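So the protein lines, in turn, are chains C and Y.
Convert by adding 266 to the 1-based position in the first sequence; the result is the number in the numbering used here.
Convert by adding 266 to the 1-based position in the second sequence; the result is the number in the numbering used here.
Each remark here refers to the structure printed beneath this line.
There are 2 protein chains.
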Amino acid sequence: MRTLKYAILGLINREPMTGYDITKEFNSNVLANFWYANHSQVYPELSKLIDEGSISFEVVIQGEKLEKKLYTITEKGRKDLMKWLVKDDPLEATPKDIFRLRAYFSDFLDLDELSDLVKQQKLKHVQKLESLQRIMDRTYPVPPSVKTREFGDFIVLESAIMREKYYINWLDDYLSHISRA
Amino acid sequence: MRTLKYAILGLINREPMTGYDITKEFNSNVLANFWYANHSQVYPELSKLIDEGSISFEVVIQGEKLEKKLYTITEKGRKDLMKWLVKDDPLEATPKDIFRLRAYFSDFLDLDELSDLVKQQKLKHVQKLESLQRIMDRTYPVPPSVKTREFGDFIVLESAIMREKYYINWLDDYLSHISRA
DNA sequence: GGGTACATGTAACTCGTTACATGATTCC
DNA sequence: GGAATCATGTAACGAGTTACATGTACCC
Numbered sequence: 267m268r269t270l271k272y273a274i275l276g277l278i279n280r281e282p283m284t285g286y287d288i289t290k291e292f293n294s295n296v297l298a299n300f301w302y303a304n305h306s307q308v309y310p311e312l313s314k315l316i317d318e319g320s321i322s323f324e325v326v327i328q329g330e331k332l333e334k335k336l337y338t339i340t341e342k343g344r345k346d347l348m349k350w351l352v353k354d355d356p357l358e359a360t361p362k363d364i365f366r367l368r369a370y371f372s373d374f375l376d377l378d379e380l381s382d383l384v385k386q387q388k389l390k391h392v393q394k395l396e397s398l399q400r401i402m403d404r405t406y407p408v409p410p411s412v413k414t415r416e417f418g419d420f421i422v423l424e425s426a427i428m429r430e431k432y433y434i435n436w437l438d439d440y441l442s443h444i445s446r447a
Numbered sequence: 267m268r269t270l271k272y273a274i275l276g277l278i279n280r281e282p283m284t285g286y287d288i289t290k291e292f293n294s295n296v297l298a299n300f301w302y303a304n305h306s307q308v309y310p311e312l313s314k315l316i317d318e319g320s321i322s323f324e325v326v327i328q329g330e331k332l333e334k335k336l337y338t339i340t341e342k343g344r345k346d347l348m349k350w351l352v353k354d355d356p357l358e359a360t361p362k363d364i365f366r367l368r369a370y371f372s373d374f375l376d377l378d379e380l381s382d383l384v385k386q387q388k389l390k391h392v393q394k395l396e397s398l399q400r401i402m403d404r405t406y407p408v409p410p411s412v413k414t415r416e417f418g419d420f421i422v423l424e425s426a427i428m429r430e431k432y433y434i435n436w437l438d439d440y441l442s443h444i445s446r447a
């Protein structure tokens, strides 16, 4: 499906970037909530995109002699990205979830052990939620308006927060079933 | 992380199964909501588990001469599974989400186009939710008690339903931001 | 001078999907 | 007899992770 291709095109479309910059974005606290990649995946993909003519680059000298490649999207790349953005694909397969898999097989654990496991899991999600909420409060005390770049950041951050809340709700529900037994 | 290994062990631990049976489970409407694999992944993994001594098999003749392999978990396999079930691992990386990635880059689409995209996506999630809800109503009109095998099915199905609801909430939230613009 | 961050690449390996390949059984 | 399902495998490829490998720039 070449999703990494479009993730990279989307970033470069905003402004020219180096492979290093792109990798940093993929590991930032907003984007990493729904897409990420290591530099070892990014650099080969950039070569591919050059071969395909979706991007071009110019070598920039940093300091004395450090060469970095600043990538820019081409007209072909931009068209390709646009087409991908509005494509009507069927729903992706549900993402895998190891904790759910464990829950599925946990019928032969004893109740105290199971309860501890679920509480441990809940704690982790509560901490993650708090961290996301802090970022939101700090960065977007007021929601930015649609059609600004900030709105993209805002709406996916909101989504990540809602996801953690739902997961915590599920774990609470799970715990209530256990304690009722 | 060998998660497939434990998914298979978890299934065989319930009762002896063939590779075909396991594959069917992975594509059933409950388990597939958080774990799945094709037969081309299952058969090689079964060979590995035999080599490791986690499972054993017996050949059963179906009809005249069709040989099928019925796999059973060994003591080693069961211990391994038990250890995995109660392991306290850090939270998994957030699952990737292509629709969120598209939302992230959508600031240069026009509002009608964006609104249509989000509505399309919502429709798909509403349909999925309805399908999950039907399975739930049909199969578990009353929640089964903890410590039964049915409870595993029930609690992960509940989770899948809650996930769809949250996703729909997010899309509604998204739409409200768009229409306010 | 030293540590951290900047910057780019390749190699080996695991995991997962799609396609190739074959044959038996069951039900109509 | 034919179609759907049961049943088991391998091959080729694509995606993703960890490790290997190298060098510069910037700040203290």
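Glycine included, C-beta positions come from ideal geometry on N, C-alpha and C.
Please read all numbers here as calculations on a predicted model, not as lab measurements.
In chain order, what residues of the stretch 310–342 of chain C put their CB closer than 8 Å to some CB of chain Y? none
CB contact check: V412 of chain C to chain Y, cutoff 8 Å: yes
Within the same chain, show all residues whose beta-carbon is closer than 7 Å to that of E291 of chain C, passing over the 5 residues directly before and after it, in chain order. L277 and L297
Any residues in the stretch 385–398 of chain C with a beta carbon nearer than 9 Å to a beta carbon of chain Y? Which ones, in chain order? Q386, Q387, K390, H391, Q393 and K394
What are the residues in the stretch 357–378 of chain Y lying within 9 Å of chain C by C-beta distance? L357, E358, A359, T360, P361, K362, D363, I364, F365, R366, L367, R368, A369, Y370, F371, S372, D373, F374, L375, D376 and L377
Who are E333 of chain Y's beta bridge partners in DSSP? Y:I327
Can you tell me which of Y:E324, Y:K342, Y:K334 and Y:N295 puts its alpha carbon nearest to the alpha carbon of E318 of chain Y? Checking every option, the nearest Cα to that of E318 of chain Y belongs to Y:K342.
Any idea which residues DSSP pairs I339 of chain Y with across the strands? DSSP output for I339 of chain Y lists Y:I321 as bridge partner(s).
By a C-beta neighbour count over all protein chains shown, 10 Å radius and 16 as the cutoff for buried, is S257 of chain C buried or exposed? Nothing can be reported for residue 257 of chain C: it is not among the residues displayed for chain C, which extend from 267 to 447.
Verify the CB distance criterion: does P407 of chain Y have a CB-CB separation below 8 Å to chain C? no
Cβ-based neighbour list, R280 of chain C, same chain, cut-off 8 Å, excluding 5 preceding and 5 following: R415
I'd like to know if N299 of chain Y contacts chain C, where contact means its C-beta is closer than 8 Å to some C-beta of that chain. yes
Could you please tell me which residues of the stretch 417–432 of chain Y, in chain order, have their CB closer than 9 Å to any CB of chain C? F417, G418, D419, F420, I421, V422, E424, S425, A426, M428, R429, K431 and Y432
V325 of chain Y classed as buried or exposed, judged by whether at least 16 other C-beta atoms fall within 10 angstroms: Exposed: under 16 other Cβ atoms inside 10 Å.
Considering only residues of the stretch 348–379 of chain Y, which uninterrupted alpha helix (DSSP H) runs meet the minimum length of 4 residues and lie entirely inside it, listed in chain order? 364–370
According to DSSP, is M267 of chain Y part of a helix, a strand, or is it coil? coil
Output the boundary residues of the alpha helix (DSSP H) element that contains S294 of chain C. Premise fails: S294 of chain C is in no alpha helix (DSSP H) and is neither H nor E.
Own chain partners of H305 of chain Y with C-beta closer than 6 Å, once the 5 adjacent residues on each side are dropped: Sequence-distant Cβ neighbours of H305 of chain Y in its own chain, meaning closer than 6 Å and more than five residues away, are T289.
Residues in the same chain with beta-carbon distance under 8 Å from I444 of chain Y, minus the five sequence neighbours each way, listed in chain order, please. L377, L380, S381 and V384
Within 10 Å of its beta-carbon, does A359 of chain Y have 16 or more other beta-carbons around it, so buried, or fewer, so exposed? exposed
Taking 7 Å as the cut-off, is the CB of Y337 of chain C close to at least one heavy atom of the ligand FAD? Judged by which ligands are present, the structure shown has none, so any question about the ligand FAD falls away.
Taking 7 Å as the limit between beta carbons, can you name the residues of its chain near Y309 of chain C, skipping five residues before and five after? G285
Of the residues C:P356, C:S372, C:W350 and C:R344, which one's Cα is nearest the Cα of K353 of chain Y? C:S372
With a CB to CB cut of under 8 Å and the five nearest residues on each side skipped, what residues in its chain are close to A447 of chain Y? L377
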